[in-house]
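See below for the structure under consideration.
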Amino acid sequence: MDGRQGENSNMSEDEEINNKSGGEDANQLPKRKKYHRHTQQQIEAMEAYFKECPHPNTMQRNELGQRLGMDPLQIKFWFQNKRTQMKSKHERRENKQLRDENKKLREENMRFREALSNAYCPNCGRMAAITDNLTPDERQLRMENARLREEVLSLFQNNFFL
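Here the sequence shown stands for residues 4 to 165, numbered as in the numbering used here.
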């Protein structure tokens with residue numbers, strides 16, 4: 004048995020709760036308010052109002068609070084939370100779309116890389132060289148070589164060398 008429990012045995016249960024929740028000791032934290040759930044009718048009314056006006060002003064919050072039997076501050080926080088919730092939903096939906104688009108682009112990129120790795124030169128039939136690391140001069144020389152090769156092929160086809 005706990006020594007403290009014996010001390011409070013003369014107190015009623017309510018007195019113990021009040022004593023523990025900070026009546027006499029000024030250093031204790033204030034008692035937290037009880038969690039409150041809104042009724043289904045209140046939520047439906049605020050949802051309908053939110054569709055029309057997601058940012059009600061003070062006068063609108065006061066009027067809605069009176070109509071629903073709620074404190075205008077509760078209305079204010081409900082609307083604030085609802086806007087945050089809607090923004091989060093929108094961001095999640097947008098992020099999913101971007102992830103899906105990114106996945107498609109990556110798959111397309113992989114297909115292009117695969118096609119490039121299996122590419123053949125149309126002029127000579129050999130494997131095409133990937134020219135990502137060429138200097139501008141080397142690239143220019145290769146283009147000139149390809150043009151000259153085409154010129155020579157056309158001359159052979161026109162029987163200039165026979």
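Heads up, the beta-carbon is just placed ideally off N, CA and C, and yes, glycines get one too.
Which class does residue i belong to by DSSP, given the choice of helix, strand or coil?
{"i": "Y38", "result": "coil"}
{"i": "T138", "result": "coil"}
{"i": "D103", "result": "helix"}
{"i": "P75", "result": "helix"}
{"i": "G26", "result": "In this predicted model, G26 has a pLDDT of only 47, less than 50, meaning its place in the structure is not dependable enough to derive any value."}
{"i": "Q31", "result": "coil"}
{"i": "H93", "result": "helix"}
{"i": "N60", "result": "coil"}
{"i": "N112", "result": "helix"}
At the level of alpha carbons, what is the spacing between residue i and residue j?
{"i": "I46", "j": "R96", "result": "24 Å"}
{"i": "N161", "j": "L151", "result": "15 Å"}
{"i": "Y123", "j": "P139", "result": "22 Å"}
{"i": "K79", "j": "R64", "result": "7 Å"}
{"i": "E147", "j": "E94", "result": "52 Å"}
{"i": "E55", "j": "L101", "result": "30 Å"}
{"i": "E111", "j": "E104", "result": "11 Å"}
{"i": "H39", "j": "F115", "result": "58 Å"}
{"i": "R142", "j": "K106", "result": "32 Å"}
{"i": "G72", "j": "N98", "result": "39 Å"}
{"i": "D74", "j": "H41", "result": "12 Å"}
{"i": "E117", "j": "Q43", "result": "58 Å"}
{"i": "N84", "j": "N121", "result": "55 Å"}
{"i": "K36", "j": "R109", "result": "52 Å"}
{"i": "Q77", "j": "L32", "result": "23 Å"}
Run the proximity test for residue i: is its beta-carbon closer than 7 Å to any non-hydrogen atom belonging to the ligand COA?
{"i": "K34", "result": "Of ligands this structure carries none, so the ligand COA is not represented either."}
Should residue i go down as buried or exposed, given a rule of 16 or more other Cβ atoms within 10 Å for buried?
{"i": "F82", "result": "buried"}
{"i": "L119", "result": "exposed"}
{"i": "Y52", "result": "buried"}
{"i": "P59", "result": "buried"}
{"i": "L144", "result": "exposed"}
{"i": "M89", "result": "exposed"}
{"i": "L67", "result": "buried"}
{"i": "M62", "result": "exposed"}
{"i": "M49", "result": "buried"}
Hey, does residue i have any beta-carbon neighbour from chain B nearer than 8 Å?
{"i": "N60", "result": "Included in the structure is just one protein chain, with no chain B present."}
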